[in-house]
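Remarks on the structure that follows.
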Ligand code: GLU
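Printed below as a string of structure tokens:
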């Protein structure tokens, strides 16, 4: 294979969304697989819509996903000279011409064509101006755009797409398109090609939404005397109703930032994004970075659009359930120290942990995480559902409160009794705590479950979780006794 050089060229007009992240990931995988280079190019020529905030957001998003690039970020606006020069070259070599048609004239022609069911598109009026006519109009100071001259050929233009196979378009259906605006600014279509040629891009891997540009760009490559890169167009990501996903219609859930805030493992998101529209050819769903680099090929990218299956408003499925389940696998199986670093950061942000605690409590911290991660979905759960392990201030959920506490008013005296028994244990561990609990239940002639479920609710605020006496041992005597000593505040009117 040629020297692989791919690029991720976002237009910084908004946040990094999951579709963009997927494009970045696929280019990154392809570069890594072929020992190639990934170039980050910020396509900021639309100065009205490009913002610094968006540039920072895109770069932060890529960094969070750990998708590193080898060159850049380059900024398209810094290469305006190249773009203008290319337009000039196309003019001098007869591949483009100055067009003086006004907007009103163009609108009129369009309306006329539509009314008469004729082909809509530029009719080539200025293509046939003589050099003298052009000079006269210029001398009059008339504004003009530069249009590319689509060759007068019969038949079709084609390129071979790595994903979709041969793509063809009839020359007769292509209009002379604008490459430079009347204010002298080259258009994206041209800038993109000029930059790809300068950056020696071997493969252009991007969304199918760019396909209408590609056929025109094929002509630009040809006219600029440059060989074509390999094109690979990826399917779009749609929602369940087959609408294109966007922040405007779907909210935060399509932004990469949402997943960072929510506590997804960056690589779990990458793993999911890759499977969205790419098929490994096996049932395997969990891929390490190395495995994915090894397995990934462009020809297994799906030809049809992929569905981002999320259900707005459903708290359980606040995003695609497959993404949640992949994240759970990572949470449960990832290196515990790596997880600890991520959890500590979130706890610190909530004032529940400090770096210096590691000196004395690292072992405890790792064991606790290992115990509770089993049921968690995202890192956020460590500070919400799992808050009681790190703070005395945690909420008692309504369901266990009703089911395990309010249903048994006697617990208001039983729980302090149990606290006393536990306090007096010389050796406090899960076995001794369990024995003490069961023996009190026998004495009280109640099912041990009443005490155990009550304890779970009081100690963690949750209905379910790890084995109760593992929790008791993890929290330690002092905390356990303190939380059970007086539970009257849990009963209304107290
Ligand atoms: N700037 C374009 C975008 O953000 C990228 C087009 C391309 O990949 O060539 O959609």
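Numbering (the working numbering), first residue to last: 18 to 511. All C-beta atoms, glycine included, are put in the ideal place defined by N, C-alpha and C. Computed from a prediction, not measured in an experiment: that's the story for all the values here.
| Asked | Found |
| --- | --- |
| State the CB to CB distance for the pair residue 245 and residue 104, rounded to an integer number of angstroms; the pair is presumed to be in contact (CB under 8 angstroms). | About 20 angstroms; that fails the 8 angstroms criterion. |
| I'd like to confirm the pairing. Which residues does DSSP put opposite residue 224 in its beta bridges? | 251 |
| Ligand 1 heavy atoms versus the CB of residue 344: any closer than 7 angstroms? | no |
| Using a threshold of 8 angstroms, state whether the C-beta atoms of residue 336 and residue 39 are closer than that. | no |
| Hey, out of 261, 36, 213, 161, whose CA is closest to residue 248's CA? | 213 |
| Looking only at its chain, what residues have a beta carbon closer than 6 angstroms to the beta carbon of residue 343, apart from the 5 residues adjacent to it on each side? | 285, 288, 289 |
| Excluding the 5 residues preceding and the 5 following residue 234 in the sequence, name in chain order all residues of the same chain whose CB lies nearer than 6 angstroms to its CB. | 210 |
| Roughly how many angstroms lie between the CA atoms of residue 474 and residue 363, to the nearest whole one? | 24 angstroms |
| Under 7 angstroms from any heavy atom of ligand 1, does the C-beta of residue 227 make it? | yes |
| Check whether the Cβ of residue 316 lies closer than 7 angstroms to any heavy atom of ligand 1, and answer yes or no. | no |
| Skipping 5 residues on each side, what residues in its chain have a beta carbon closer than 7 angstroms to that of residue 416? | 480 |
| In whole angstroms, give me the CA-to-CA distance for residue 189 and residue 97. | 31 angstroms |
| Rounded to whole angstroms, what's the CA-CA distance from residue 22 to residue 147? Just pull it up for me. | 42 angstroms |
| Are there 16 or more other CB atoms within 10 angstroms of the CB of residue 257, so buried, or fewer, so exposed? | exposed |
| Go through its chain and collect everything with a Cβ distance to residue 273's Cβ below 6 angstroms, but skip five positions before and after it. | 33, 38, 78 |
| In angstroms with no decimal places, state the Cα-to-Cα distance between residue 534 and residue 280. | Since the first residue of the chain shown is 18 and the last is 511, residue 534 is not available in this structure. |
| Is residue 308 near ligand 1 - that is, is its Cβ less than 7 angstroms away from at least one heavy atom of it? | no |
| What are the boundary residues of the beta strand (DSSP E) that residue 113 is part of? | 113–116 |
| Give me the residue from 238, 296, 444 with the minimum Cα distance to residue 167. | 238 |
| Taking a contact to mean a Cβ-Cβ separation below 8 angstroms, would you say residue 476 touches residue 461 in this structure? | no |
| What whole-angstrom Cβ distance do residue 144 and residue 193 have, given they're in contact under 8 angstroms? | 6 angstroms |
| Output the distance between the C-alpha atoms of residue 218 and residue 49, rounded to the nearest integer angstrom. | 15 angstroms |
| Please report the distance separating the alpha-carbon of residue 110 from that of residue 101. | 14 angstroms |
| Where residue 487 and residue 410 are concerned, what is the direct C-alpha to C-alpha distance, given to the nearest angstrom? | 20 angstroms |
| Cβ of residue 22 versus every heavy atom of ligand 1: is any distance shorter than 7 angstroms? | no |
| Starting from residue 438, follow the alpha helix (DSSP H) in both directions and report where the run begins and ends. | 428–440 |
| Using three-state DSSP, classify residue 47 as helix, strand or coil. | helix |
| Within the present structure, is the beta-carbon of residue 97 separated from the nearest heavy atom of ligand 1 by less than 7 angstroms? | no |
| Taking 7 angstroms as the cut-off, is the CB of residue 28 close to at least one heavy atom of ligand 1? | yes |
| Give me the residue from 502, 365, 42 with the minimum Cα distance to residue 437. | 502 |
| By how many angstroms is the C-alpha of residue 484 removed from the C-alpha of residue 35? | 38 angstroms |
| Taking DSSP's pairing of strands, which residues face residue 164 in a bridge? | 114, 195 |
| Can you tell me whether residue 113 is buried or exposed, with buried defined as 16 or more other CB within 10 angstroms of its CB? | buried |
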